[in-house]
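What follows is a set of notes on a single structure, which appears directly below.
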Amino acid sequence: MADEQLFLRSKVIVEPLVDRFFAWPHTIAPVQAAMNLAFLQVPMLESYLQSPAVHVAASNNPELRGGYFINIAESRADEVRDLLATIRRDRADMLRFADAVVSGQEILRASATGFDLTPVYPKLPAELGGLVELAYDTDNQAQLRFMEPLVYRSNVYAEARQSVQLSFETGIERPFILSTPRLPSPDVLELDIPFRHPGLEELFKTRVRSTTLSHLREALGLDDAQAAQLSTMLSDRPSLAPDRHIQSGGRVRYFGHACLVLQTPEAAIVTDPFISADSTAGDRYTLDDLPDYIDLVLITHGHQDHIVLETLLQLRGRVGAVVVPRSSRGNLCDPSMALMLRHQGFPVVEVDDFDEVPFPGGKVTATPFLGEHCDLDIRAKSTYWAEVAGKNVFIGADSSGIDPTLYRYIKNHLGTADLAFLGMECDGAPLTWLYQALLTIPIPKKMSDSRKLSGSNAEQAAAIMTELGAKEAYIYAMGEEDWLGHVMATTYNEDTYQIKQIEEFLTWCADRNIKAGHLFKKQEWRW
339 MADEQLFLRS KVIVEPLVDR FFAWPHTIAP VQAAMNLAFL QVPMLESYLQ
389 SPAVHVAASN NPELRGGYFI NIAESRADEV RDLLATIRRD RADMLRFADA
439 VVSGQEILRA SATGFDLTPV YPKLPAELGG LVELAYDTDN QAQLRFMEPL
489 VYRSNVYAEA RQSVQLSFET GIERPFILST PRLPSPDVLE LDIPFRHPGL
539 EELFKTRVRS TTLSHLREAL GLDDAQAAQL STMLSDRPSL APDRHIQSGG
589 RVRYFGHACL VLQTPEAAIV TDPFISADST AGDRYTLDDL PDYIDLVLIT
639 HGHQDHIVLE TLLQLRGRVG AVVVPRSSRG NLCDPSMALM LRHQGFPVVE
689 VDDFDEVPFP GGKVTATPFL GEHCDLDIRA KSTYWAEVAG KNVFIGADSS
739 GIDPTLYRYI KNHLGTADLA FLGMECDGAP LTWLYQALLT IPIPKKMSDS
789 RKLSGSNAEQ AAAIMTELGA KEAYIYAMGE EDWLGHVMAT TYNEDTYQIK
839 QIEEFLTWCA DRNIKAGHLF KKQEWRW
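Reading the sequence shown from the start, the letters are residues 339 to 865 in our numbering.
Shown next as structure tokens:
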């Protein structure tokens, strides 16, 4: 088998890990990763070790779905204890840096009274030296600004944290990614390599182009046991869909959640790729349905369900560029997606509002994104306007219609949308669910609950449509697809507020003869 031409099997999945926790921007970008490690993940491991049975029971309680409970059997508690000890020993620099951020913020709050900040620098913890600038905003509020490119070159960023697990998709929901670390398992191939490792690109190219086991063994640096395990994940034939390309016109396919694939015979664009590997299901488009080459991947924002390393790593080497919105440069809650992805080996184009990115036969324009980030000063978020085969497609992601006049500016600049895709998770999780580890001052629950990760409700979605003048409207599924549970951890029924709001919006569209739908699993548009 060593020299036989082989392809990666369809149902192989990858889980990218940092210190065995699932990788997403806030666990990779060094400042945010240090804060999450110190103030979320380490305390969670400590809590688990105090009462493993409580964590396991909570993890399996439907009413607590998406909570921060570790779903690892009590019989493996010693492995969790070893993981915690390893983190405390090997990530001491990160943990000290996180403590220094909190101390630095406290010093700044006490010392920054509107006067010259120069005397404050010597008071800061040594761990922040050379990595921050102190500044007032025009309301005389002081802040720490992190020099993010420098932090990537400091001992706070450790590629040694990174590893990859390869296994088969079983159809059984995996543990929630924000809480449960992934321990070794006999049916999982462990690769102790960083995400940017060129061997990973070689491996995942074999979804579309054959290679040999001996080549992959050398590229990945595998031992005999690892090579034997990898061989079970390879096949002598590809599993690619025969209709993954088109010969004329244009096509949009919905791959689930917020993932769209826009195609012409000359080009392909993928938005927020979060794609199933299970081609046996038959009710969804999967990795097998992707075109062999993707000109642009568009990322709308940095939440864990929109920038999904599990999928992105499998596309590296097949992508012309990943397009990401520009961050605010140094804001604690707004890490740079461009920096993060470049350090993982991706070609990146960073855009601001109304920047244009051409592709063969068309172009993408970045458009503004409002709300959905708990009123935090997060600017790394963008919707997009794609001009594809004579159609204008508005890719709205989770942007909110809290100020519909914004969309009038978009229409005045770009014209009328033929298709509009919107998110309507209109009662999202509270501020502390995703951002707790970054908050250096405790937030009252009532305050946190008032600031949610919410997109548009029916009224706001209708206002967006009115201003855009769009001819058709489609609402993304909100984590309803069954293969997304390990990331989304959402549960809805026909009486859920979000579902009722979607129904109200669809009625509004029907009353105005606007073609509309609530997307689920797969759909296709051709012209």
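Note that CB positions come from ideal geometry on N, CA and C, so glycine has one too.
* Please report the residue range of the beta strand (DSSP E) in which Ser501 lies. => Gln500 to Phe506
* Asked: Is the number of C-beta pairs between the region 518-534 and the region 490-508 that are closer than 8 Å three or more?
  -> yes
* To do: Please state if the CB of Ile607 and the CB of Phe542 are separated by a distance shorter than 8 Å.
  => no
* Buried or exposed for Thr638, please, with buried defined as at least 16 other CB atoms from any protein chain shown within 10 angstroms of its CB. => By the Cβ-count criterion, Thr638 is buried, with 16 or more other Cβ atoms from all chains shown falling within 10 Å of its own Cβ.
* In or out: Pro685 buried (at least 16 other Cβ within 10 Å) or exposed? -> Burial call: exposed.
* **Among Arg483, Phe435 and Leu375, nearest to Leu446 - alpha-carbon criterion** => Arg483
* Asked: With burial defined as no fewer than 16 other Cβ atoms inside 10 Å of the residue's Cβ, what is the status of Leu402: buried or exposed?
  -> exposed
* **DSSP-derived helix/strand/coil call for Cys597** => strand
* If we count the other Cβ atoms within 10 Å of its Cβ and call it buried at 16 or more, is Arg347 buried or exposed? -> buried
* Spatial neighbours of Gly766 within its chain, please: CB distance less than 6 Å, with the 5 preceding and 5 following residues excluded, ordered by chain position. => The answer, listed in chain order, is Lys790, Leu791 and Ser792.
* To do: Can you give me the Cβ contacts of His535 inside the same chain, cut-off strictly under 6 Å, excluding the 5 residues immediately before and after it?
  => none
* Asked: Are the region 518-525 and the region 413-422 touching, with three or more C-beta to C-beta distances below 8 Å?
  -> yes
* **C-alpha gap between Trp865 and Ser569, whole angstroms** => 42 Å
* Distance between beta carbons of Val489 and Leu472, contact taken as under 8 Å -> With 8 Å as the limit, Leu472 and Val489 do not qualify as a contact, their Cβ atoms being about 16 Å apart.
* Asked: Could you give the residue range of the beta strand (DSSP E) that holds Pro696?
  -> Taken as a continuous stretch (DSSP letters only), the beta strand (DSSP E) holding Pro696 covers Glu694 to Phe697.
* To do: Express the C-alpha separation of Glu384 and Ser517 in angstroms, rounding to a whole number.
  => 13 Å
* Measuring CB to CB, does Pro363 end up less than 8 Å from Ile645? -> yes
* To do: Could you check the C-alpha separation between Asp643 and Arg654 for me, to the nearest Å?
  => Taking the straight line joining both Cα atoms gives about 18 Å.
* **Which of helix, strand or coil DSSP assigns to Trp863** => Here Trp863 carries a strand assignment [DSSP, helix/strand/coil].
* To do: Assuming Tyr812 and Ala775 form a contact by the criterion Cβ under 8 Å, report the distance between their Cβ atoms to the nearest whole angstrom.
  => That pair is no contact at about 34 Å.
* Beta-carbon proximity list for Glu604, same chain, < 7 Å, skipping 5 on both sides -> Pro698 and Gly699
* Asked: Can you tell me whether Glu725 is buried or exposed, with buried defined as 16 or more other CB within 10 angstroms of its CB?
  -> buried
* C-alpha distance - Glu710 paired with Gly761, whole-angstrom precision -> Computed Cα separation, rounded: 10 Å.
* Selected residue, minimal CA-CA separation from His583, among Leu628, Glu862 and Val661 -> Leu628
* Out of Ala436, His553 and Glu648, state which residue places its alpha-carbon closest to the alpha-carbon of Asn469. => According to the sequence displayed, residue 469 carries Leu and not Asn. Checking every option, the nearest Cα to that of Leu469 belongs to Ala436.
* Asked: With a cut-off of 8 Å, do at least 3 Cβ pairs link the region 358-372 to the region 555-564?
  -> no
* To do: State whether the region 797-817 contacts the region 386-401, with contact taken as three or more CB pairs (one from each stretch) at a distance under 8 Å.
  => no
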